[in-house]
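In the UniProt record's numbering, the protein residues as written are 1 to 83.
Backbone N, C-alpha and C define an ideal beta-carbon position, used for all residues, glycine too.
Comments concern the structure below.
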């Protein structure tokens with residue numbers, strides 16, 4: 001029965017990652033590194049409003065209320081680049 005938990009974790013990881021684009025993962029990585037909206041905006045060339053809008057979509061997909069929680073969830077699933 002222990003193996004079932006492993007398979008559940010793998011399925012959960014695949015489900016979370018499947019709904020995210022590379023740009024989403026890049027934004028989550030920057031959030032995980034502690035960058036502000038303004039800093040993310042400057043690094044990506046997106047407007048601050050676009051960054052916030054993208055995080056709203058990411059939060060919805062990851063079922064999190066705030067983007068820090070989304071970044072934490074993605075990091076825990078091994079989806080973020082170290083750095």
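For residue i, three-class secondary structure by DSSP
i, result
"residue 24", "helix"
"residue 2", "Here the model assigns residue 2 a pLDDT of 49, short of 50, so the residue's position is not dependable and the matter cannot be decided."
"residue 82", "coil"
"residue 9", "Any answer about residue 9 is weak, because its pLDDT of 47 lies below 50 and its placement is not dependable; what the coordinates show is given next. Residue 9: helix per DSSP, three-state reduction."
Contact with chain E by residue i, beta-carbon distance below 8 Å
i, result
"residue 54", "Absent here is chain E; the protein component of the structure consists of one chain."
**Request:** Pick out the complete alpha helix (DSSP H) segments inside the stretch 30-78, 4 residues or longer, and give them in chain order.
**Result:** 37-44, 48-62 and 67-76
**Asked** So, do the stretch 62-78 and the stretch 16-35 have three or more beta carbon pairs nearer to each other than 8 Å?
**Response** yes
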